[in-house]
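2 protein chains.
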Amino acid sequence: MRQLLPALLSAVLLAALAMPIHAANAPSTTPEIRVGILLFDGVQIIDFAGPYEVFGAAGFGVVTVSHDAAAVTTAMGLQVVPDASFESAPPFDVLLVPGGDVGAAERDAKVIAFVQARAGSSRNVLSVCTGAFILAGAGLLDALEATTFTPRIAEFAQRYPAVRVVRDVRWSDTGKIITSAGLSSGIDAALHLVQRLRGVEQARSVALRLEYDWQPEGGFIRSLMADRYLAASGLEQAIAWPDDIAMRQQFAIGDEQHWRMRFDVTTATPADELLRRIGKGLDSLPEWTRQAGALRWSSQQEGRRVVLEVAAIPGASERAYVLELTLSVQPD
Amino acid sequence: MRQLLPALLSAVLLAALAMPIHAANAPSTTPEIRVGILLFDGVQIIDFAGPYEVFGAAGFGVVTVSHDAAAVTTAMGLQVVPDASFESAPPFDVLLVPGGDVGAAERDAKVIAFVQARAGSSRNVLSVCTGAFILAGAGLLDALEATTFTPRIAEFAQRYPAVRVVRDVRWSDTGKIITSAGLSSGIDAALHLVQRLRGVEQARSVALRLEYDWQPEGGFIRSLMADRYLAASGLEQAIAWPDDIAMRQQFAIGDEQHWRMRFDVTTATPADELLRRIGKGLDSLPEWTRQAGALRWSSQQEGRRVVLEVAAIPGASERAYVLELTLSVQPD
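Pasting the structure below:
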């Protein structure tokens with residue numbers, strides 16, 4: 079003990095490490111709380127890596143689990159080797175279901191059966207991003223408030239009408255089951271769970287250890303941004319797009335009042351004609367009203383007036399130009 | 079194209095995805111910018127996973143590299159399979175050096191030679207957390223401003239005197255080389271690099287895609303918290319700790335003005351005697367002055383008055399109690 083002491087105390091006192099000494103570099107062999115992380119081909123890296131880091135820093139044991147424990151390929155290509163298969167996985171207290179390309183996992187009877195069984199034996203279940211689709215597919219979210227990755231909230235509500243889908247939160251805590259919004263939101267939901275299980279001081283210590291700007295009450299809510307007023311419209315289906323069009327998004331940025339999107343467009347259809355087709359599509363949607371003499375439409379949504387403008391910016395040639403959409407939201 | 083179009087446009091227009099269509103689910107096979115991530119046993123998960131997610135969402139190609147391309151075991155036990163070995167790694171434009179348990183990597187001549195060679199052929203080099211120790215060990219930070227994981231900043235400055243160590247930033251950009259503070263800071267440093275290479279709109283789009291509360295000018299700076307005023311003292315060495323003491327940190331929390339740490343202590347030495355020993359240690363340090371009649375010391379640092387209080391809280395037995403240290407910082 080004497081030999082180890084200076085190093086340990088140095089690490090603790092001077093460095094002000096946020097975690098228990100026994101968890102400094104490796105998970106405890108007998109952790110009081112164990113987390114099981116579901117892995118599958120297409121899983122999004124940060125969806126499981128963020129919470130893994132949070133739970134590990136809190137001194138929880140973490141075990142990764144897949145169907146057969148063979149290496150999985152994440153959504154961006156990184157290969158990860160799970161610790162255990164569905165059959166060999168040890169008991170755990172928290173089931174973490176990350177998102178990503180969940181389509182196959184959501185339809186995989188073995189995954190659904192595992193999630194149902196382990197949700198039943200776990201104290202808490204936490205989904206990150208589109209992991210909520212897997213929980214919903216397993217029937218675990220019926221009649222509960224839940225959220226998911228912003229771009230897929232509308233689809234989530236449509237496909238799982240028994241779920242009380244919410245979009246104005248970074249995570250939704252229903253008691254046993256917590257669902258978080260997209261990607262980095264999983265870090266906050268994991269910190270929230272550490273707070274519930276260990277207290278706010280330990281959760282804050284973990285956040286400081288991770289040098290993460292934690293907002294315990296929720297923090298940044300991507301799904302409140304102004305593009306929400308486009309999400310439920312049938313705009314893209316209403317437009318007669320040219321058969322040869324290729325669009326590449328330059329950016330999509332904004333805040334709760336404004337949104338701006340630019341796309342590089344390549345098509346034999348000239349810009350004027352594309353704008354005319356988009357206008358015709360918007361004219362066909364009952365919620366949008368054209369402003370006379372302009373490529374500008376307005377819509378009443380949630381007690382606000384939303385204005386959408388469409389413009390084309392000349393490019394290198396008649397076949398390559400830029401399409402810009404802007405949204406502004408005003409109190410009505 | 080016609081078959082794919084509705085799905086693509088749905089993803090782009092309605093979901094307002096932040097990334098180019100071609101990068102929606104897999105890295106481009108011919109990315110314009112390729113990032114090489116160094117992996118090694120002991121690497122911290124979030125140090126590479128956060129930037130991997132950022133660069134992937136920006137449409138950059140990402141390749142992970144280790145000495146022999148065999149699976150590496152991260153600091154918390156997760157196993158990751160690199161894409162390439164040092165010999166087989168393709169050319170890349172950005173070298174990312176994550177941190178974690180870097181001791182062995184820092185002393186590994188093959189790692190240092192690889193980092194030196196690839197830093198030379200890369201447009202940018204980015205370290206995360208204690209990855210800065212590897213860059214410094216390779217001589218790449220001499221005469222440059224650099225930062226690292228908050229608890230190891232003092233050690234970093236001591237071991238690498240040729241580096242101009244800074245502690246008041248979330249990341250330090252010296253042009254070619256960027257060093258970031260601990261763990262989650264790597265996400266911000268990666269977004270900063272996307273901004274430099276692609277513009278602020280694309281970086282903002284990526285942050286929104288990740289549902290991350292990005293502060294382009296820097297954001298949360300862990301190293302400014304009040305425990306910095308303890309970091310450089312020789313406190314733990316100055317105290318005659320009991321041979322049998324075991325300390326487990328409950329929490330370490332605070333802000334720029336206050337800091338509070340609690341430890342569960344187990345030792346045959348009673349609390350009164352431990353407080354006396356800690357007091358004697360503090361009395362021996364020239365920068366701390368005892369306030370008469372109290373377990374309270376003050377220190378002048380950086381033009382501020384710092385007050386440290388030490389207290390014990392009775393526990394379950396005489397051999398198990400709680401030690402509390404509090405710091406408060408006042409303008410002087």
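Top line first, the protein sequences correspond to chains A and B.
Everything in the first sequence is counted per my numbering, starting at 79 for the first residue and increasing by one.
Everything in the second sequence is counted per my numbering, starting at 79 for the first residue and increasing by one.
Each residue gets a CB set at the ideal place from its N, CA and C atoms; glycine is no exception.
Chain A within 7 Å of B:F329, Cβ atoms only: Chain A, which has a Cβ nearer than 7 Å to the Cβ of B:F329, makes this yes.
Proximal residues to B:I190 (C-beta, below 7 Å), its chain only, five neighbours per side dropped: G215 and A216
Test: A:G134 CB closer than 7 Å to a CB of chain B: yes
A:Q378 - containing beta strand (DSSP E), residue span: R374 to Q379
CA-to-CA distance, A:V247 to A:S205, given in whole angstroms: Taking the straight line from one Cα to the other gives about 14 Å.
Identity of the residue in B:S395, B:R276 and B:G198 nearest B:F133 by Cα: B:R276
Rounded straight-line distance, which links the Cα of A:R282 to that of A:G137: 14 Å
Cut-off 6 Å between Cβ atoms - residues of its own chain near A:P320, not counting five sequence neighbours on either side: Same-chain partners within the cutoff: T345 and T347.
Selected residue, minimal CA-CA separation from B:L308, among B:V172, B:G209, B:L386 and B:D119: B:L386
Any C-beta of chain A under 7 Å from that of B:S362: no
Candidates B:A149, B:P169, B:F118 and B:T152: closest to B:V141 by CA position: B:P169
Where the region 276–297 of chain B meets chain A: residues whose CB sits under 7 Å from a CB there: Within the region 276–297 of chain B, the qualifying residues are E279, Q280, R282, S283, L286, L288, E289, Y290, D291 and G297.
Residues near A:R383 in its chain [Cβ-Cβ closer than 8 Å; skip 5 each side]: S376, S377, V407, Q408, P409 and D410
Within 7 Å of chain B by C-beta, residues of the region 149–171 of chain A in sequence order: A149, A153, M154, G155, L156, Q157, V158 and V159
Assigned exposure category for B:R368 - 16 Cβ within 10 Å defines buried: exposed
Proximity of A:V175 and A:L116 at Cβ, strictly below 7 Å: In this structure, the beta-carbon distance from A:V175 to A:L116 falls below 7 Å.
Closer than 7 Å to chain B by CB, A:G260: yes
Through-space distance from A:L352 to A:A316, alpha-carbon basis: 13 Å
B:A182 at chain A interface by Cβ criterion, 7 Å: no
Buried versus exposed call for B:R230 [16 or more other C-beta atoms within 10 Å across all chains shown]: When all chains shown are included, B:R230 counts as buried.
Beta strand (DSSP E) segment containing B:F329, residue limits: A324 to G332
Proximal chain A residues relative to B:A127, where beta-carbon distance stays under 7 Å: I123, I124 and A127
For A:P294 and B:I391, the rounded distance between their alpha carbons: 28 Å
Member of B:A285, B:Q157 and B:V113 whose CA lies at the smallest distance from the CA of B:R196: B:V113
Contact list for A:S263 against chain B, beta-carbon separation under 7 Å: E289
Boundaries (first-last residue) of the alpha helix (DSSP H) holding A:L173: Going by DSSP, A:L173 is part of no alpha helix (DSSP H) but of the beta strand (DSSP E) stretching over V172 to V175.
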